[in-house]
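Novice: Let me give you the structure first, and then I'll get to my questions.
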Amino acid sequence: MTAFALDDPHDRGSGLPRPGNVLRAAADSIPPSSLVLLGIFSVQLGAGFAKELFATLPPSAVVFLRIASGALLMGAFVRPRLKGLAWRDWAVGIAFGVTLAVMNLSFYEALSRLPMGIAVAIEFLGPLGVAVAASRRRIDLLWVGLAAAGVVLLAPWGESATVSWAGIGFAMVAGVCWAAYILLSAAAGQRFPGTSGLTFAMIVSAVVIAPVGVTTGGADLLQPELVLIGLGVGLLSSVIPYSLELQALRRMPKQVFGILMSMEPAAAAMIGVLLLGEILHVQQWAAIVCIVAASLGSTRRSKK
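Per my numbering, residue 20 is the first one in the sequence shown, and the count goes up by one each step.
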């Protein structure tokens with residue numbers, strides 16, 4: 020993931036410190052590992068608040084609120100320059116945005132059917148697959164087997180199962196999109212300056228998801244309290260974590276960053292318990308541990 024700049028390089032004030040510089044100075048005083056963990060919990064807290072909205076709005080409408088608010092907030096700070104882009108640049112940016120839309124829609128549909136920890140654990144198979152595919156070490160077969168064991172433990176076998184197959188399917192689609200997101204994010208970083216590629220993708224994503232979100236949300240989307248909550252979800256799920264992750268990546272090795280990010284399924288499960296009262300069974304916790312361990316192992320593959 021990447022973040023966006025919080026201040027305009029063309030802004031030359033009257034000698035007063037700019038907001039972006041103040042925020043960056045504050046972030047520099049916090050250890051980078053703490054920034055990553057704060058970003059992780061921000062994302063999962065945003066997902067928790069979004070899930071609480073499902074009682075009022077369908078997942079597709081909540082996704083629209085999240086993406087639209089994120090696009091507006093990011094667009095206010097980063098204005099992507101579209102002039103002079105080649106058609107391949109447009110293709111990458113649009114594909115990036117469509118992937119972002121499908122990923123979020125699939126994840127929220129999964130979230131409406133599964134506990135948070137389970138949904139995030141299954142979605143995490145996407146980046147795990149990218150990490151393993153980039154490696155040729157035999158030990159990575161162990162991580163694949165461990166992740167597969169986690170999925171088997173999560174699958175709703177038997178008549179008394181409480182986990183939805185549809186939810187698992189949506190989470191897997193979200194995982195595939197997350198894998199594509201990683202690859203397209205790298206491609207966009209080569210074609211767009213700074214973080215303007217991510218902002219462009221967010222705008223495309225908002226346009227793509229708008230017809231579905233507006234149709235399903237209807238007049239409820241105009242309720243001020245829901246709009247405010249949507250803005251909060253956008254801040255927690257996009258703006259804040261992207262900013263924290265960027266600051267952390269500037270000050271720590273990518274390998275350490277990846278190891279810390281592997282904690283995300285466990286953080287999601289904790290937020291699910293504390294915020295939503297989603298109590299998981301021992302077998303489900305074991306499955307999450309398997310997937311987290313597989314992610315940790317694949318992340319450490321480059322260490323020699």
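Think of the CB as a built atom: it goes at the ideal place given N, C-alpha and C, for glycine as much as any other residue.
All of these numbers come straight from a predicted model, not from anything done at the bench.
1) Quick check on residue 256: buried or exposed, where buried means 16 or more other Cβ atoms within 10 Å of its Cβ?
2) Relative to the alpha-carbon of residue 121, which residue among 311, 189 and 262 has its alpha-carbon at the smallest distance?
3) Out of curiosity, what's the CA-to-CA distance linking residue 82 and residue 244?
4) So is residue 202 buried or exposed if we call it buried at 16+ other beta carbons inside 10 Å?
5) For the putative contact between residue 284 and residue 139, defined by C-beta atoms under 8 Å, what is the C-beta separation to the nearest angstrom?
6) Given 8 Å as the limit, is there contact between the region 71–86 and the region 258–274, that is, 3 or more CB pairs closer than that?
7) Can you tell me where the alpha helix (DSSP H) with residue 234 in it begins and where it stops?
8) Quick check: residue 68 and residue 252, are their CB atoms within less than 9 Å of each other?
9) If you draw a straight line from the C-alpha of residue 168 to the C-alpha of residue 54, how long is it?
10) Starting from residue 107, trace the alpha helix (DSSP H) both ways and give me its first and last residue.
11) Applying the criterion that 16 or more other CB atoms from any shown protein chain within 10 Å of the CB defines a buried residue, is residue 171 buried or exposed?
12) What is the residue span of the alpha helix (DSSP H) that residue 190 lies within?
13) Is it right to say residue 277 is buried, meaning 16 or more other beta carbons lie within 10 angstroms of its own, or is it exposed?
14) Confirm, please, whether the CB-CB distance from residue 115 to residue 207 is below 9 Å.
15) For residue 269, collect the residues of the same chain with a Cβ closer than 7 Å to its Cβ; drop the 5 residues on either side in sequence, then sort them by chain order.
16) Report yes if the C-beta distance between residue 13 and residue 143 is below 9 Å; otherwise report no.
17) My guess is that residue 318 and residue 281 are in contact by the Cβ rule of under 8 Å, so how many angstroms apart are they, rounded?
18) Take the Cβ of residue 336 as the centre, count every other Cβ of all protein chains shown within 10 Å, and call the residue buried at 16 or more, exposed below.
19) Which residues mark the beginning and the end of the alpha helix (DSSP H) in which residue 274 is found?
20) Determine the burial state of residue 34: buried for a count of at least 16 other Cβ atoms within 10 Å of its Cβ, exposed for fewer.
Specialist: Let me lay it out:
1) One-based indexing of the sequence shown puts residue 256 at position 237. Per the 10 Å Cβ criterion, buried.
2) Counting from 1 along the sequence shown, the entry for residue 121 is found at position 102. Among 311, 189 and 262, the Cα nearest to that of residue 121 is on 189.
3) By 1-based counting over the sequence shown, the position of residue 82 is 63. By 1-based counting over the sequence shown, the position of residue 244 is 225. Going from the Cα of residue 82 to the Cα of residue 244 covers about 16 Å.
4) The residue you call residue 202 lines up with position 183 of the sequence shown. Classification of residue 202: exposed, given that the 10 Å Cβ count is below 16.
5) By one-based count along the sequence shown, residue 284 stands at place 265. By one-based count along the sequence shown, residue 139 stands at place 120. Contact holds; Cβ gap of about 5 Å.
6) Taking 8 Å as the limit for Cβ pairs, the verdict is that the region 258–274 does not touch the region 71–86.
7) The residue you call residue 234 lines up with position 215 of the sequence shown. Element bounds for residue 234: 215–236.
8) Working through the sequence shown from its first residue, we reach residue 68 at position 49. Working through the sequence shown from its first residue, we reach residue 252 at position 233. Yes.
9) The residue given as residue 168 occupies position 149 in the sequence shown. The residue given as residue 54 occupies position 35 in the sequence shown. Answer to the nearest angstrom: the Cα atoms are 31 Å apart.
10) Indexing the sequence shown from 1 puts residue 107 at position 88. It spans 106–130 - the alpha helix (DSSP H) in which residue 107 sits, taken as one unbroken run.
11) To locate residue 171, count along the sequence shown from 1; it is residue 152. Residue 171 is exposed by the Cβ-count criterion.
12) Counted from its first residue, the sequence shown places residue 190 at position 171. DSSP places residue 190 inside the alpha helix (DSSP H), whose first and last residues are 184–210.
13) Locating residue 277 in the sequence shown gives position 258, counting from the first residue. Around the beta carbon of residue 277, 16 or more other beta carbons sit within 10 angstroms, so the residue counts as buried.
14) Looking up residue 207 in the sequence shown gives position 188. Looking up residue 115 in the sequence shown gives position 96. In this structure, residue 115 lies closer than 9 Å to residue 207 by Cβ.
15) As a first step, residue 269 must be located in the sequence shown, where it is residue number 250. There are no such residues.
16) This structure does not reach residue 13, given that the chain is present from 20 up to 323, and the question cannot be answered.
17) Indexing the sequence shown from 1 puts residue 318 at position 299. Indexing the sequence shown from 1 puts residue 281 at position 262. Rounded, the Cβ-Cβ distance is 6 Å, consistent with contact.
18) As displayed, the chain neither begins before 20 nor continues past 323, which places residue 336 out of reach and without an answer.
19) Residue 274 sits at position 255 when you count from the first residue of the sequence shown. Per DSSP, residue 274 belongs to the alpha helix (DSSP H) from 273–280.
20) Within the sequence shown, the letter at position 15 stands for residue 34. Annotation note: pLDDT 46 at residue 34 (below 50); position unreliable, coordinate value reported separately. Residue 34 is exposed by the Cβ-count criterion.
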